[in-house]
Amino acid sequence: MPQLISEIMTVVVVLMLIPLSLILVSVVVLVALAALALATSREQDGRTTSRR
Numbered sequence: 121m122p123q124l125i126s127e128i129m130t131v132v133v134v135l136m137l138i139p140l141s142l143i144l145v146s147v148v149v150l151v152a153l154a155a156l157a158l159a160t161s162r163e164q165d166g167r168t169t170s171r172r
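Sequential numbering from 121 applies to the sequence shown in my numbering.
Below is the structure:
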């Protein structure tokens, strides 16, 4: 019986960690995209504004 409880707990923890990890990954991707956009805009501000 205790083994069943521990298995259920591990399944619940994994199911809770999956959306958390997805949120973390999306946040990291958004931050990276924002940093890239800022870097490219800063580079273009110094030079002539030319789109790639």
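We put the beta carbon where it would ideally sit given N, CA and C, even for glycine. Please read these numbers as outputs of a predicted model, since none were measured by experiment.
At the level of alpha carbons, what is the spacing between A155 and P139? The residue labelled residue 155 in the question sits at position 35 within the sequence shown. The residue labelled residue 139 in the question sits at position 19 within the sequence shown. Distance between the alpha carbons of A155 and P139: 24 Å.
Look at the alpha carbon of L158 and the alpha carbon of V132, and state the distance between them as a whole number of angstroms. For this step, residue 158 is matched to residue 38 along the sequence shown. For this step, residue 132 is matched to residue 12 along the sequence shown. Between the alpha carbons of L158 and V132 lies a distance of about 40 Å.
With DSSP collapsed to three states, give me the class of M121. Sequence index remark: in the sequence shown, residue 121 carries index 1 (1-based). M121: coil per DSSP, three-state reduction.
Span separating the alpha-carbon of I125 from that of L150: The residue labelled residue 125 in the question sits at position 5 within the sequence shown. The residue labelled residue 150 in the question sits at position 30 within the sequence shown. So the two alpha carbons sit approximately 38 Å from each other.
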